[in-house]
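**Q**
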Amino acid sequence: MQNVATRRDLMNEAELQRQSREFLTAFTRAAESGSTDLHAAVWTPVRELLQRVSSSRAQQGFSPSETATFIFSLKQPIFTQIRRTVKDADGLASETWAATTMLDALGLYTTELFQKNREELIIRQQQEMMELSTPVVTLSEGVLALPLIGTLDSARTQVVMENLLQRIVDTGSAIAILDITGVPTVDTLVAQHLLKTVAAARLMGADCIISGIRPQIAQTIVHLGVDLNTVTTKATLADAFAVALRRTGLAITRVGPPAAGGARSRADGEAKA
Amino acid sequence: MERIPILKMGECLLVSIQIDMHDRLALQLQDDLTQRIAETSARGVLIDISALEMVDSFIGRTLGNIAAMSRVLDAETVVVGMRPAVAITLVELGMSLQGVRTALDVEKGMAMLAASAHA
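Heads up: the protein sequence lines correspond to chains W and X, in order. All residue numbers for the first sequence refer to my numbering, where the first residue is 1310 and numbers rise by one. All residue numbers for the second sequence refer to my numbering, where the first residue is 357 and numbers rise by one.
(1) Pull up the distance between the alpha-carbon of Ile415 of chain X and that of Leu453 of chain X, whole angstroms please.
(2) Taking C-beta pairs closer than 9 Å, name the residues in chain W that Ser426 of chain X reaches, listed in chain order.
(3) What's the C-alpha gap between Arg1476 of chain W and Thr1506 of chain W?
(4) When the cut-off is 8 Å and only beta carbons count, does Gln1434 of chain W lie next to chain X?
(5) Just how far apart, CA to CA, sit Glu1357 of chain W and Leu1401 of chain W?
(6) In three-state terms, what does DSSP make of Pro1456 of chain W?
(7) For the stretch 391-438 of chain X, which segments carrying the beta strand (DSSP E) assignment without a break, of at least 3 residues, lie completely within its bounds, in sequence order?
(8) Using a beta-carbon distance cut-off of less than 7 Å, what residues from the stretch 1498-1514 of chain W approach chain X?
(9) Exposed or buried, what is Pro1456 of chain W when buried is set at 16 or more other beta-carbons lying within 10 Å of its beta-carbon?
(10) Is it right to say Val1492 of chain W is buried, meaning 16 or more other beta carbons lie within 10 angstroms of its own, or is it exposed?
(11) What is the rounded straight-line gap between the Cα of Met425 of chain X and the Cα of Val371 of chain X?
(12) Between Val1478 of chain W and chain X, is there a C-beta pair that is closer than 8 Å?
(13) What are the complete alpha helix (DSSP H) segments, minimum 4 residues, inside the stretch 1349-1418 of chain W?
(14) Taking Ala1483 of chain W as the query, report the chain X residues whose CB atoms sit under 9 Å from its CB, ordered along the chain.
(15) In chain W, what lies closer than 8 Å to Leu369 of chain X by C-beta?
(16) How should Asp387 of chain X be labelled, buried or exposed, when 16 other C-beta atoms within 10 angstroms of its C-beta is the threshold for buried?
(17) Check for me: the beta strand (DSSP E) holding Ala459 of chain X runs from which residue to which?
(18) Alpha carbon to alpha carbon, what distance is there between Val1468 of chain W and Phe1379 of chain W?
(19) How would you label Thr1539 of chain W, buried or exposed, when you count the other beta carbons within 10 angstroms and need 16 or more for buried?
(20) Considering only residues of the same chain and omitting the five flanking positions on each side of Ala1340 of chain W, which have a CB-CB separation below 8 Å?
(21) Let me see if you follow: with CB-CB separation under 8 Å, is Val411 of chain X close to chain W or not?
(22) What are the residues in the stretch 430-443 of chain X lying within 7 Å of chain W by C-beta distance?
(23) Check Thr1545 of chain W in the structure and name its three-state DSSP category.
(24) Is there a C-beta anywhere in chain W that falls below 8 Å from the one on Leu385 of chain X?
(25) Could you tell me the boundaries of the beta strand (DSSP E) in which Leu1448 of chain W lies?
(26) How many Å lie between Ala1323 of chain W and Ala1407 of chain W at the Cα?
(27) From the DSSP secondary-structure annotation, give me the bridge partner or partners of Gly1491 of chain W.
(28) Taking the alpha-carbon positions, what's the Phe1381 of chain W to Ser1374 of chain W distance?
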């Protein structure tokens, strides 16, 4: 039965045999009770086992049909066994029918579990991505930067806004730079989200500068008729940082020749009041 | 009836809202504050809302109105210490208080008023 859908690249033979043996033991014990209701208490060990199997398959990258084949591959040996033990035609038909119904139900149950596991995986990854992709970094005393990566939808804007405002309170920063270099497209909705964040920061007493506006995005913004007049905008993060330093009364000066070694040179300037 | 105290500091009036605002209290503050600005001919008003946890559109509008009225009486208003949740709420309500100046805390707000008084 292992030969039907063995994926030796994803799991080894011994593991598969162990799972099959465990399943057969649990299945036999449940089937002996005569109950055909999958949600009955006697089937609990089988359900738990299938839960484990399908969740591990989902993580290992099996396809749904490969996972369901774990159950459906049982049909052939079971039918062979039935044909060997039951001799009269009527008995054979009814036994085969019962076995088919049972195995189909189990197979569908496995697919359902597989689907659920995959969905949980996707939701978890979405959450992780959301948390990962909204860091707020301190560039200098009183200057925060928010490098935005990826598409800005309402849910992400909410997280971004909350993170930024909280950091403004924590650090007492009066200037925040929103860098949209990593935002692939800016439509009216994204622009509206950005403006909302800027307005909220302003209400708390912090000024926002939007930087990292690529030429195409500048064109799109104007064509869409988005009004960014109330916000300071700069082409690059460096330009925005220069503005922020000027507003906070700081300046960067060179104190010596650039250190030798090109790529490994340290920052050669330092902020001076 | 409870009242929000208005403190005079030099040429400025300091209002610190320490309790949850309800509508009548907001209107009372509007009355008292305009009265005090006229009496003291104050040049600046600083409203500290760092303890304010909840706002609705009425409170938001009243804050905007107070700022506009102070400007008419030649006093500049700075709202300081707004909490993140309050800021998000106001923005979601579509009120970005365009005419009101804001600062992070009382210290920065005072500096802002002092700077505009010397200008």
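In this text, a Cβ means the ideal position worked out from N, Cα and C, and glycines have one as well.
**A** According to the data block:
(1) Ile415 of chain X and Leu453 of chain X have their C-alpha atoms some 11 Å from each other.
(2) Neighbours of Ser426 of chain X on chain W: none; closest Cβ ~17 Å, over 9 Å.
(3) Roughly 13 Å between the two C-alpha positions.
(4) Any Cβ of chain X closer than 8 Å to the Cβ of Gln1434 of chain W would place that residue at the interface, and such an atom is absent.
(5) Glu1357 of chain W and Leu1401 of chain W: Cα-Cα distance of roughly 30 Å.
(6) Note: Pro1456 of chain W maps to strand in three-state DSSP.
(7) DSSP runs (the beta strand (DSSP E)) wholly in the stretch 391-438 of chain X: 400-404, 432-436.
(8) Under the 7 Å Cβ criterion, the stretch 1498-1514 of chain W contributes Lys1505, Ala1508, Ala1509, Arg1511, Leu1512, Met1513, Gly1514.
(9) Label assigned to Pro1456 of chain W: buried.
(10) Counting Cβ neighbours within 10 Å, Val1492 of chain W comes out buried, since at least 16 surround it.
(11) Between Met425 of chain X and Val371 of chain X, the C-alpha separation is close to 15 Å.
(12) For Val1478 of chain W, at least one C-beta of chain X is nearer than 8 Å to its own C-beta.
(13) Counting whole runs of 4 or more residues, the stretch 1349-1418 of chain W contains the alpha helix (DSSP H) stretches 1353-1369, 1373-1381, 1384-1394.
(14) By Cβ distance, chain X contributes Ala459, Leu460, Lys464.
(15) Contacts between Leu369 of chain X and chain W, judged by CB atoms closer than 8 Å, are missing: the closest CB pair is about 18 Å apart.
(16) Under this definition Asp387 of chain X is an exposed residue.
(17) Per DSSP, the unbroken beta strand (DSSP E) holding Ala459 of chain X starts and ends at 457-459.
(18) Taking the straight line from one Cα to the other gives about 42 Å.
(19) By the C-beta density criterion, Thr1539 of chain W is exposed, having fewer than 16 other C-beta atoms within 10 angstroms.
(20) Within the same chain, Ala1340 of chain W has close Cβ partners Met1411.
(21) Not closer than 8 Å to any Cβ of chain W, the Cβ of Val411 of chain X fails to qualify, so no.
(22) Answer set for the stretch 430-443 of chain X: Val436, Met438, Pro440, Ala443.
(23) The answer is coil: DSSP assigns Thr1545 of chain W none of H, G, I, E or B.
(24) Taking Cβ atoms only, chain W never reaches closer than 8 Å to Leu385 of chain X, which makes this a no.
(25) Looking at the DSSP string, the run of the beta strand (DSSP E) that includes Leu1448 of chain W is 1446-1449.
(26) So the alpha carbons of these two residues sit roughly 30 Å apart.
(27) Gly1491 of chain W pairs with W:Ile1458.
(28) So the two alpha carbons sit approximately 10 Å from each other.
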